Amino acid sequence: MLKRRAKISPNFSMASMTDVIFLLLIFFMITSTVVSPNAIKVLLPQGKQQTSAKPLTRVIIDKDLNFYAAFGNEKEQTITLEELTPFLQQCAEREPEMYVALYADETVPYREIVKVLNIANENHFKMVLATRPPDGK
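Sequential numbering from 659 applies to the sequence shown in our numbering.
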């Protein structure tokens with residue numbers, strides 16, 4: 659009859675397992691303090707069911723990068739980017755507390771939106787970005 663010379667120990671050493679768990683704990687503690695929540699607040703216009711308290715000046719950019727603008731309930735008129743600043747300044751003279759609502763097609767490049775945002779920022783206009791409600795609502 660053959661006998662094994664070296665017996666296999668049924669005991670399991672937990673020393674390496676505790677080291678791994680300790681390192682994982684340190685890793686998750688460090689990464690959770692590095693990740694900060696998104697703190698950017700975006701002011702969105704109210705839905706159609708509610709009336710806006712402040713007058714809105716609408717700036718519209720369609721998918722062909724044509725610019726349109728209108729004050730309040732007036733009809734939109736075609737406008738160039740160079741004409742946008744004087745137009746918004748005229749609207750601000752008529753109503754100092756106005757908001758500028760930007761309606762941009764989802765295919766419009768971000769640089770075009772930034773141009774309008776820069777005009778609003780330089781002239782201290784309050785700007786809102788118009789979005790559509792999620793599908794199914």
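Ideal Cβ placement from N, Cα and C applies to all residues, glycine included. None of these values were measured; they are calculated from a predicted model.
Under DSSP, the beta strand (DSSP E) around residue i begins and ends at which residues?
i, result
"LEU714", "714-719"
"LEU760", "757-762"
Would you call residue i buried or exposed, if buried means 16 or more other Cβ atoms sit within 10 Å of its Cβ?
i, result
"ILE719", "buried"
"PHE680", "exposed"
"ALA673", "exposed"
"PHE670", "exposed"
Do residue j and residue i have their beta-carbon atoms positioned less than 7 angstroms apart in this structure?
i, j, result
"ARG789", "CYS749", "For the sequence presented, residue 789 should be read as Thr rather than Arg. No; because the gap between Cβ atoms is not below 7 angstroms, this pair is not in contact."
"TYR757", "LYS784", "yes"
"ILE777", "LEU723", "no"
"GLU732", "TYR726", "no"
Measuring from the CB of residue i, is there a heavy atom of the ligand HEM at a distance below 6 angstroms?
i, result
"GLU770", "Absence of the ligand HEM from the depicted structure is noted, as is the absence of any ligand whatsoever, leaving it without description."
Return the residue from the list the options that minimises the CA-CA distance to residue i.
i, options, result
"VAL717", "GLU753, LEU682, ASN781, VAL774", "VAL774"
"LYS721", "ILE666, PHE685, TYR768", "TYR768"
"HIS782", "LEU739, GLU751, GLU764, ALA664", "GLU751"
"ASP763", "LEU683, LEU787, ILE688, VAL678", "LEU787"
request  = Just list the beta strand (DSSP E) runs in the segment 726-758, keeping only unbroken ones of 3 residues or longer that don't cross its boundaries, in chain order.
outcome  = 735-737
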